[in-house]
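In my numbering, the protein residues as written are 124 to 351.
We treat Cβ as the ideally placed atom computed from N, Cα and C, and that holds for glycine.
Written below as structure tokens is the structure these notes are about.
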Ligand code: ADP
Ligand code: MG
């Protein structure tokens, strides 16, 4: 119980931190973009115009990354809608198929469509949470491999299962999952898992991780099914 409490407290600190990061970074990006836009519209050589355009595009890209990673840090925009898990999982797989192909990773889907089983929450956030997890799975197999993604339905809950055959994690690494900036990657952000954990737990879900070095990692995400 104590451990659970500590984890919950950590998560709250973490989502506040995330909210402040996204806020603090978004503002200077917006300001810089405004001034560049002004400069672009003024009487400058065409080469300078071109450079400014590229700079503006790059700023937009940075903003996009913040939006992708930290959309959940806007508690006011919380949506509560029916989420057909089947459709969301399919959507996530579609979004990540190009990345999987690039990494020689095949994705095995075992999905049964069940109209009567849905959960209630914010669809975009859930997509974000799943994308971050599946993306890590793909990235854990630099030499290629297979990911298995499936859904199990029970009476009152459903389980999303995400399995990779990648490099796996030590117990120490598993314990640090969800900690902000924890990454073992050269260009990692260490934000993906933090975002996923916050979102899933915020939606009443439960995440279980099993992992073995050199064998792979298994994420199980359990949600209570909403009452019809
Ligand atoms: P990032 O992917 O930017 O490193 P994440 O928060 O998404 O940040 O993940 C944090 C760390 O957790 C990763 O750097 C990696 O060490 C570990 N990890 C997460 N998922 C997996 C996985 N499926 N297989 C192996 N390691 C993983
Ligand atoms: Mg990641």
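Less than 7 Å between the CB of residue i and some heavy atom of the ligand ADP, yes or no?
i, result
"residue 287", "yes"
"residue 308", "yes"
"residue 250", "no"
"residue 300", "yes"
"residue 324", "no"
"residue 263", "yes"
"residue 296", "yes"
"residue 346", "no"
"residue 331", "no"
"residue 117", "Any answer about residue 117 is impossible in this case: the structure gives the chain only from 124 up to 351."
"residue 153", "no"
"residue 292", "yes"
"residue 340", "yes"
"residue 317", "yes"
"residue 305", "yes"
Please indicate yes or no: does the CB of residue i lie closer than 7 Å to some heavy atom of the ligand MG?
i, result
"residue 226", "no"
"residue 311", "yes"
From the DSSP output, read off the bridge partner residues of residue i.
i, result
"residue 342", "285 and 332"
"residue 280", "347"
"residue 272", "232 and 285"
Flag residue i as yes if its beta-carbon sits less than 8 Å from any beta-carbon of chain B, otherwise no.
i, result
"residue 292", "Absence of chain B from the displayed structure is noted, only one protein chain being present."
Compute the minimum distance between the beta carbon of residue i and the heavy atoms of the ligand SAH, and state whether it is under 7 Å.
i, result
"residue 207", "Among the ligands modelled here, namely the ligand ADP and the ligand MG, the ligand SAH does not occur."
My parser needs the beta strand (DSSP E) runs of 3 or more residues fully inside the segment 181-255; what are they? If we require 3 residues or more, the beta strand (DSSP E) runs fully inside the segment 181-255 come out as 204-207, 228-233 and 241-244.
Mind listing, in chain order, the residues whose beta carbon lies closer than 6 Å to a non-hydrogen atom of the ligand MG? My final list is 255, 258, 259 and 315.
Using 8 Å as the Cβ pair cut-off and three pairs as the minimum, do the segment 286-301 and the segment 255-270 touch? Taking 8 Å as the limit for Cβ pairs, the verdict is that the segment 255-270 does touch the segment 286-301.
Three or more C-beta pairs closer than 8 Å, one from the segment 203-220 and one from the segment 290-306: is that the case here? The segment 203-220, when compared against the segment 290-306, does not touch it at the 8 Å Cβ threshold.
Pairing CB atoms from the segment 325-338 with CB atoms from the segment 240-248, are three or more of them under 8 Å? A contact between stretches requires three or more CB pairs, one per stretch, nearer than 8 Å, and the segment 325-338 meets this requirement with the segment 240-248.
Segment contact, 8 Å Cβ cut-off, at least three pairs: the segment 156-169 with the segment 309-322: At 8 Å Cβ cutoff, the stretches do not touch.
Would you call the segment 250-261 in contact with the segment 220-239, where contact means no fewer than 3 C-beta pairs closer than 8 Å? Yes: at least three Cβ pairs fall under 8 Å.
Which ranges would you report for the beta strand (DSSP E) in the segment 288-313 if only whole runs of at least 3 residues count? Counting whole runs of 3 or more residues, the segment 288-313 contains no beta strand (DSSP E) stretch at all.
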